[in-house]
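Chains as they are written, first to last, in numbering that gives the first Met the number 0: chain H, 0 to 99; chain V, 0 to 99; chain R, 0 to 99; chain X, 0 to 99; chain Z, 0 to 99. Built from N, CA and C at the ideal position, the CB exists for glycine as well. These figures come from a predicted structure and were not determined experimentally. Below is one structure, written out as structure tokens, with a few remarks after it.
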Amino acid sequence: MQIARVIGTVVSTQRDPSTQGWSLLLVEHLDVQNQPTGKFTVAVDALGVGPGEVVMFTSGSAARQTKITAARPCDAVIMAVVDTWEVGGEVAYVKGESEA
Amino acid sequence: MQIARVIGTVVSTQRDPSTQGWSLLLVEHLDVQNQPTGKFTVAVDALGVGPGEVVMFTSGSAARQTKITAARPCDAVIMAVVDTWEVGGEVAYVKGESEA
Amino acid sequence: MQIARVIGTVVSTQRDPSTQGWSLLLVEHLDVQNQPTGKFTVAVDALGVGPGEVVMFTSGSAARQTKITAARPCDAVIMAVVDTWEVGGEVAYVKGESEA
Amino acid sequence: MQIARVIGTVVSTQRDPSTQGWSLLLVEHLDVQNQPTGKFTVAVDALGVGPGEVVMFTSGSAARQTKITAARPCDAVIMAVVDTWEVGGEVAYVKGESEA
Amino acid sequence: MQIARVIGTVVSTQRDPSTQGWSLLLVEHLDVQNQPTGKFTVAVDALGVGPGEVVMFTSGSAARQTKITAARPCDAVIMAVVDTWEVGGEVAYVKGESEA
């Protein structure tokens with residue numbers, strides 16, 4: 000899984016019927032020090048998260064292992080909101096403190 | 000999923016029988032600011048999109064989760080046309096405004 | 000899928016029994032302007048292609064969706080010979096014209 | 000599989016129900032000389048490992064081939080603790096000697 | 000598939016029960032001219048290969064399509080020993096001639 004920040008939303012009306020009901024979010028991958036890496040992914044939101052939230056998403060066939068994505072053409076799904084993470088014993092991120 | 004622009008088409012007559020009926024499009028990946036990244040993919044068109052359109056494609060085994068690609072050797076499929084996306088509250092792309 | 004040129008062959012006698020019958024080709028990935036990228040892959044030949052030909056190959060679990068590769072340890076398979084492709088309305092490659 | 004060092008932990012309370020019970024660890028990929036590469040992954044811990052330990056993790060659909068991850072949205076799982084590895088006949092890492 | 004040289008071994012006693020019996024080898028990816036690329040992978044040995052041998056390995060779900068890896072958390076398996084390969088009609092590698 001990768002840690003990423005929700006930076007935007009994608010709107011699409013003409014799409015494969017199997018994707019109806021999906022909320023599509025743009026997430027930017029973060030490094031271990033909570034800095035953006037410049038890489039981004041469009042992920043299906045399985046939780047109902049908001050803009051600026053730090054989340055984890057899972058990729059590949061694993062992304063179809065949630066109710067909303069099962070047997071659908073999804074290769075990335077947000078499956079957790081991150082509360083905090085630490086690196087080498089030091090806190091790198093705490094929800095609510097470092098969001099823009 | 001990744002956002003990309005349809006930049007061309009690929010024609011092939013000698014191909015695996017399982018791929019008959021596919022329309023093969025060349026798509027160039029875009030970054031969050033709607034700039035080309037120099038990366039490209041040949042994707043199956045599940046929607047009937049046109050040249051210059053901005054689309055989303057899904058990769059890996061997820062690309063076989065549409066009617067046209069099920070149980071076929073497809074690793075990338077266009078499954079949505081993008082109407083608009085926004086980053087940090089600002090619109091980065093609107094269909095019909097920024098296409099060449 | 001990716002576009003690539005067949006640049007060589009790989010010979011192996013000691014190999015997993017499930018791979019018997021495979022023809023193994025070395026392919027170099029091409030960019031949209033028909034230039035080599037320096038990346039290469041060993042792909043199973045599902046079509047009977049020759050040296051120098053420009054082909055498409057599919058990767059990942061999709062590479063097991065042909066008769067010759069089904070349920071075998073194949074992660075890349077050549078499933079089409081490219082006749083031509085165009086980018087932005089201009090022809091980038093025509094079979095028989097740009098091959099060395 | 001990749002070799003990596005456990006460098007931290009990730010805490011998440013709001014997450015997909017299918018992920019309950021997972022311990023989520025931050026691992027940094029190592030090169031063959033036991034140096035960090037700057038790449039990291041969040042992996043599910045299938046073994047009960049501790050901070051600083053050098054482990055192997057498996058990615059993709061293989062990451063769902065353990066009891067704790069089967070049929071769940073996991074794309075990376077720690078499935079071994081590394082005791083030692085050698086490169087070209089020379090020991091590159093021995094557990095307990097090179098950990099910080 | 001990728002071509003690689005066996006450069007070492009990995010020893011692990013504490014590991015997921017499903018991985019028992021695996022021989023774990025460190026392989027370094029080679030380019031088409033038989034030069035190391037600096038990229039490496041830990042692969043399961045399905046053949047019984049030795050140090051310095053040039054092999055092919057398969058990645059992703061394809062790595063579970065051998066007897067020793069079926070339904071186990073394996074994302075890379077050595078499934079062939081390379082005898083020779085040629086690029087553009089010239090021999091790039093012959094087993095027994097270019098090994099250190």
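In or out: Q64 of chain Z buried (at least 16 other Cβ within 10 Å) or exposed?
buried
Where do the ends of the beta strand (DSSP E) carrying W84 of chain V lie?
T83 to V86
I'd like to check one pair, D15 of chain X with M78 of chain H: are the Cβ atoms closer than 8 Å?
yes
Please determine, among V:V93, V:G59 and V:G87, the residue with the shortest C-alpha to C-alpha distance to V26 of chain H.
V:G87
Against I6 of chain H, what residues of chain V qualify as contacts under a CB-to-CB distance less than 8 Å, listed in chain order?
Going along chain V in sequence order, the residues near I6 of chain H (Cβ under 8 Å) are V31, V86 and G87.
Per DSSP, which residues does M55 of chain Z bridge with? Please list them.
In DSSP, M55 of chain Z forms a bridge with Z:I2 and Z:A79.
According to DSSP, is Q19 of chain R helix, strand or coil?
Coil.
Using the three-state DSSP reduction, which class does R71 of chain R fall into: helix, strand or coil?
In the three-state DSSP reduction, R71 of chain R falls in the coil class, being neither helix nor strand.
Taking the beta carbon of T18 of chain X as the centre, do at least 16 other beta carbons fall within 10 Å, making it buried, or is it exposed?
buried
Where does A45 of chain Z fall in DSSP's three states?
coil
Should P72 of chain X be labelled buried (16 or more other beta-carbon atoms within 10 Å of its own) or exposed?
buried
Run through DSSP, which three-state label would L25 of chain R get?
DSSP places L25 of chain R within a strand segment (E or B) once states are collapsed to three.
Output the boundary residues of the beta strand (DSSP E) element that contains E89 of chain R.
E89 to V93
At a Cβ cut of 7 Å, what residues of the segment 45-62 of chain H count as close to chain X, listed as they run along the chain?
A45, L46, M55, T57, S58, G59, S60, A61 and A62
Which one of Z:K66, Z:V10, Z:S11 and Z:I2 has the shortest CA to CA distance from K38 of chain Z?
Looking at the Cα atoms, Z:I2 is the closest of the given residues.
On the CB-based measure, 16 or more other CB atoms within 10 Å of its CB, does V41 of chain V come out buried or exposed?
buried
Could you tell me which residues DSSP puts in a beta bridge with T8 of chain R?
R:L24 and Z:E85
Would I6 of chain V be called buried (16 or more neighbouring beta carbons within 10 Å of its own) or exposed?
In summary, I6 of chain V is buried, with 16 or more beta-carbon neighbours lying within 10 Å of its beta-carbon over all protein chains present.
Rounded to whole angstroms, what is the Cα-Cα separation between A45 of chain X and A75 of chain Z?
19 Å
Would you please verify whether the beta carbon of S22 of chain Z is less than 8 Å from any beta carbon of chain X?
no
Is E96 of chain R helix, strand or coil by DSSP?
coil
Tell me, which residues are paired with R14 of chain V by DSSP?
R:A79
Any C-beta of chain V sitting closer than 8 Å to the C-beta of T83 of chain H?
With 8 Å as the cut-off, T83 of chain H does not count as an interface residue toward chain V.
Find the nearest neighbour of G95 of chain V within the set V:V31, V:A61 and V:E52, judged by alpha-carbon distance.
Of V:V31, V:A61 and V:E52, the residue nearest in Cα terms is V:E52.
CB-CB under 7 Å to A91 of chain Z, same chain, minus the five flanking residues each way: which ones, in chain order?
V31, Q32, N33, W84 and E85
Do S60 of chain V and S58 of chain H count as a contact pair if the criterion is CB distance below 8 Å?
no
Based on DSSP bridge pairs, tell me the residues matched to T40 of chain H.
H:V26
For T36 of chain V, collect the residues of the same chain with a Cβ closer than 8 Å to its Cβ; drop the 5 residues on either side in sequence, then sort them by chain order.
The residues are E27, H28, L29 and D30.
Consider the Cβ of T65 of chain H: report whether some Cβ of chain X lies at a distance smaller than 8 Å.
Output row for T65 of chain H: interface = yes.
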